[in-house]
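Chains A and B are the protein sequences, given in the same order. Under the numbering used here, think of the first position of the first sequence as 1, with each following residue one higher. Under the numbering used here, think of the first position of the second sequence as 1001, with each following residue one higher. For every residue, glycine included, the Cβ atom is placed at its ideal position computed from N, Cα and C. The structure appears below as structure tokens.
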Amino acid sequence: MVLELGRIPIEDIDWGRETSVEGRTLQINRQELIEKIRGSDSRITSIMAELARPGESVRIIPVKDVVEPRVKVEGRGGMFPGLISGVETVGHGRTHVLDGCSVLTVGQIVGFQEGMIDMGGPGARYSSFSKLLNVALVIKVKEGISKHEHEEALRMAGLRAAVYLGEAGRRVKPAEVSRFEISAPSGLKPITSGLPRIAYLYMLLSQGLLHDSYLYGRDMKTVLPTFIMPTEVMDGAIVSGNCVSACDKNTTYHHQNNPVINELLKRDGRELHFVGTVVTNANVTLRDKERSSDYAVKLVEWLGVDGVIISKEGFGNPDADAMMYCAKLEERGIGATLLTDEFAGVDGGSQSLADTTPLANALVSVGNANEMIALPPMDRVIGDERIIEKMAGGQPASLSERGITAELQVIMGATNELGFEFLSSREE
Amino acid sequence: MEPKLKAVHYLNQFFAQIGGEQMAGIKPLQKVGPVGPGLLFQQICGDDVEIVGTVVCGDNYFSENIQQATDGVLALIKGYEPDLVLAGPAFNAGRYGVACGAVCEAVTLRLKIPAITAMFGENPGVELYRKSLYIVETQATTLGMKDAAQKMAQLALRLARGEPPGSPAEAGYIARGIRRNFFASQTGAARAVEMLLRKLKGEPYTTEYPMPTFDRVEPLPPLEGLSEATIALITSGGIVPKGNPDHIESSSASRYGRYDIRGVMSLSPRTYETAHGGYDPTFANEDPHRVLPLDVVRDLEREGVIGGLYPYYYATVGNGTSVASAREFAREIAGDLVRDGVKAVLLSST
């Protein structure tokens, strides 16, 4: 399986007559964008499209999802299979990426579980999304529809927007083309090569009740752990439907640009053999956790690996799944490293995880989400700033004339558990 | 040139060269300028710091009169209006270590200036004060004096200048169990791959979060005489009167509510809702009994299965709420319940 990923660098973004890439500027026909987003979804009552550039004094809140515009240029299937395009297996041929921009879906679904992005000021340091040229879509829906329908309406609108914008890159010559050739595990060099055989165990939050992820359009909580090719992930096979704390929800953008996959591919054949990726779920019941962890560990073991990287999503309940994976892998003699964030309290003095095992002996901490941050007011707010006080990580007095004081938890992707950011936490 | 920082040094009777055990009962007293190990500090950081005074107390007096001794020492320290305080090093001297810890804690809390002490890892002062103080780790004996003094001086200067202390390993202090965020030089994903490679090769690596030890609470034996027992309801699922009158946070709750349910036979979605931010509230808001089962408990009360329901229920949000906060809520709530003769609690989470 070979995928060529062509990167079209986008360095500016503006409204224009026609949606197209001119040099390194993405021009967007605002009206057409809004029409494409609405599609035939009668649940959507209004759409406002705004632009936000890195360094601007702009705050975007409440953000649900972030999606990167991509287009399938050659090969089977299309972007976001099972949701936008058909269900053909993706991951080969050629895909173009509008690199440096993204679509943000903005709107209050649950209120607690959307997040915030600051384009300037100290908050910008915590989120890679602050460094992107963002098309923010403030979407309102009919009164009285359920939260589940509201979530779906915004999720699909964001995907449609990314596909529409991605189309602008179809005929553009990319500045850089990366070629990913994924071999079958049996085709890999045998263990005698001396390089460790490593697999990636990719946990997707699937607790139901708006904490869902989709694989080829299938709700992950109904799927048994299975193999996936890294290139399928790049083509949008995994989509976020999550309304979970902003700091550690894996947005669709994070999936499209999964940093664990990128690191493993970069070192494949030189420092390690990247043998395969197993996607698994994180359901709420103990029975499901036991079933999925047993099944996923079986798949990993069957690949004949020495070690596994485990990534996580969410906190609290999924800590139990993560600990099961660490324990079950180590018990089989497979070394595991887990990426996790911490909820150590505002003072950093409490234990960070809801579950532990002594076998989880190689953890990478992507930060304490409870740590307080103070963010000055911004000149322009896209969305509604008042929601901060109800947001997970906000407090009743979070908003004042001095700006926002809240837990880091409110910032989109600040403690991303795929390891997207540089943040960490240590004991002092 | 910046003016020198003013420091006060705390010592026991021995290091202040007043005497040994026979002088351990002396009350707090002061000496102008540096004494004993203070001379070493003056040598190390004399360009930046001036030890303006030394405050001394006997180890026995301190350990037998902790409150008065702390107040007395603090009053003398305050008289110098210092910028920072150094105490010890106490090495493995137990009473002295506890005194250094108590003095530094009082200085930090009441005078709000940095205070640094140093002791051996097994000194009882470490266990008592490591969470609230920066304690430089020393050898067991005075052989470690110079090394300890250097680390103490460096750390005290950083704190007095408002700079971050650095990690325990690089700054030489005993880890306080306090987690602090910082930006690493590589992404989490790159660190994970490198950690795994080192682990698989059998090379040394350091986990970024060592596993904590959990408190385990032994369950009590089953309750006898349920039909005579008063039962209380507590939930961490966030069911509160509509409008969340106590403003319980949707995550990381810093408070809980106590709500009167005398005469309340069931929870209407018009008057109750959830404040919890960790789950989809749709179903809890449709029927709050899904989280707080007041309706069935009222049935049990009417049928005589339980003796009675406590007139209040307690609610908080268990979403990322720290163990320290939860423990504090539990201590207060348990106080009420024990006082009022409640025999059992139905604790519902989400």
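Taking Cβ-Cβ distances shorter than 9 Å, what residues in chain B pair up with residue 368/A? Those within 9 Å of residue 368/A in chain B are 1179, 1180, 1181.
Please tell me whether residue 1313/B and residue 1292/B are closer than 8 Å, where the distance is taken between their beta carbons. At the C-beta level, residue 1313/B and residue 1292/B come within 8 Å of one another.
Please check the pair residue 349/A and residue 425/A, which I expect to be a contact at CB under 8 Å, by giving their CB distance rounded to whole angstroms. So it is not a contact: roughly 12 Å between Cβ atoms.
Verify the CB distance criterion: does residue 153/A have a CB-CB separation below 8 Å to chain B? Not one chain B Cβ lies under 8 Å of residue 153/A.
Once DSSP output is grouped into helix, strand and coil, what is the label at residue 395/A? Coil, per DSSP.
Considering only their Cβ atoms, is the gap separating residue 309/A from residue 164/A smaller than 8 Å? Between residue 164/A and residue 309/A, the C-beta gap is not smaller than 8 Å, which leaves the two residues out of contact.
Within-8 Å CB hit, residue 114/A to chain B: By this cut-off, residue 114/A is not an interface position.
Does DSSP classify residue 22/A as helix, strand or coil? Strand.
Under the three-state DSSP convention, the category residue 315/A falls into: Correct three-state label for residue 315/A: coil.
Classify residue 1336/B as helix, strand or coil using the three-state DSSP reduction. Reduced to three states, the DSSP call for residue 1336/B is helix.
Could you say if the stretch 62–72 of chain A and the stretch 216–225 of chain A meet the contact criterion of at least three C-beta pairs nearer than 8 Å? No, they do not touch.
Please classify residue 417/A as buried or exposed, where buried requires at least 16 neighbouring CB atoms within 10 angstroms. Residue burial annotation: residue 417/A is buried, with at least 16 other C-beta atoms found within 10 angstroms of its C-beta.
Is any beta-carbon of chain A found at less than 8 Å from that of residue 1133/B? No, no contact with chain A.
Which residues, taken in chain order from the stretch 390–408 of chain A, show a beta carbon closer than 8 Å to some beta carbon of chain B? For the stretch 390–408 of chain A, the set of positions with a beta-carbon nearer than 8 Å to some beta-carbon of chain B reads 390, 391, 392, 393, 394, 395, 396, 407, 408 in chain order.
Give a yes or no on whether the minimum CB-CB distance between residue 141/A and chain B is below 8 Å. Interface with chain B (8 Å Cβ-Cβ cutoff): residue 141/A is excluded.
Cutoff 7 Å; reference residue 375/A; Cβ partners in own chain excluding five residues on either side: Once the five neighbours on either side are set aside, the close Cβ partners of residue 375/A are 118, 121, 122, 123, 403, 404.
Three-way DSSP call (helix, strand, coil) for residue 1010/B in this model: In the three-state reduction of the DSSP assignment, residue 1010/B falls in the strand class, which pools E and B.
Could you round the C-beta distance between residue 2/A and residue 179/A to whole angstroms and report it? I think they count as a contact, below 8 Å. Yes, they are in contact, since the Cβ atoms of residue 2/A and residue 179/A sit about 7 Å apart, within 8 Å.
Taking its Cβ as the centre, do 16 or more other Cβ atoms sit within 10 Å of residue 294/A, making it buried, or is it exposed? So residue 294/A ends up on the exposed side.
Contact defined as beta carbons within less than 8 Å: I believe residue 1266/B pairs with residue 1295/B. What is the distance between those atoms, to the nearest angstrom? With a contact defined as Cβ atoms closer than 8 Å, residue 1266/B and residue 1295/B qualify at about 5 Å.
Check whether the Cβ atoms of residue 153/A and residue 106/A lie closer than 8 Å to each other. Going by C-beta atoms, residue 153/A is not nearer than 8 Å to residue 106/A.
Candidates 202/A, 194/A, 258/A, 286/A: which alpha carbon is nearest residue 270/A's? The residue with the shortest Cα to Cα distance from residue 270/A is 194/A.
Check whether residue 1322/B and residue 1252/B have beta carbons under 8 Å apart: Judged by beta-carbon spacing, residue 1252/B lies within the 8 Å limit of residue 1322/B, meaning their Cβ atoms are closer than that value.
Under a Cβ-count criterion, where at least 16 other Cβ atoms within 10 Å of its own Cβ denotes burial, should residue 307/A be classed as buried or exposed? Buried.
Starting from the C-beta of residue 175/A, find all residues in its chain whose C-beta is less than 7 Å away, skip the five residues before and the five after it, and write them out in chain order. Only residues of its own chain outside the window of five on either side were considered, and among them 7, 8, 9 have a CB closer than 7 Å to the CB of residue 175/A, listed in chain order.
Output yes or no for whether 8 Å exceeds the beta carbon distance between residue 58/A and residue 386/A. Against a cut-off of 8 Å, the Cβ pair of residue 386/A and residue 58/A comes out as no contact.
Cβ of residue 1073/B within 8 Å of Cβ of residue 1113/B? No; because the gap between Cβ atoms is not below 8 Å, this pair is not in contact.
Quick test of your reading: residue 361/A and residue 1207/B, contact by CB under 8 Å. State the CB separation rounded to the nearest angstrom. The Cβ separation is near 6 Å, so the contact holds.
Spell out a yes or no on whether the stretch 281–293 of chain A and the stretch 241–255 of chain A are touching, meaning 3 or more CB-CB pairs, one atom from each, closer than 8 Å. The stretch 281–293 of chain A makes no contact with the stretch 241–255 of chain A: fewer than 3 CB pairs, one atom from each, lie closer than 8 Å.
Which residues, in order along the stretch 1183–1207 of chain B, keep a beta-carbon less than 8 Å from a beta-carbon of chain A? Those would be 1183, 1184, 1185, 1186, 1187, 1188, 1189, 1190, 1191, 1192, 1193, 1195, 1196, 1197, 1199, 1200, 1201, 1205, 1207, in chain order.
Let me confirm a value: residue 411/A is counted as buried when at least 16 other C-beta atoms fall within 10 Å, else exposed. Which label applies? Per the 10 Å Cβ criterion, buried.
Please classify residue 390/A: is it buried, with 16 or more other beta-carbons within 10 angstroms of its beta-carbon, or exposed? Here residue 390/A is buried: its Cβ has 16 or more other Cβ atoms, across all protein chains shown, within 10 Å.
Could you check whether the Cβ of residue 5/A sits closer than 8 Å to any Cβ belonging to chain D? In summary, chain D is missing from the structure at hand, where the protein chains are A and B.
With DSSP collapsed to three states, give me the class of residue 252/A. Of the three classes helix, strand and coil, the one that applies to residue 252/A here is helix, per DSSP.
Let me make sure I understand the geometry here. Which of 213/A, 196/A, 78/A has the alpha-carbon closest to that of residue 268/A? Answer by Cα proximity: 196/A.
Would you kindly report the start and end of the unbroken alpha helix (DSSP H) that includes residue 1072/B? 1066–1079 is the extent of the alpha helix (DSSP H) around residue 1072/B.
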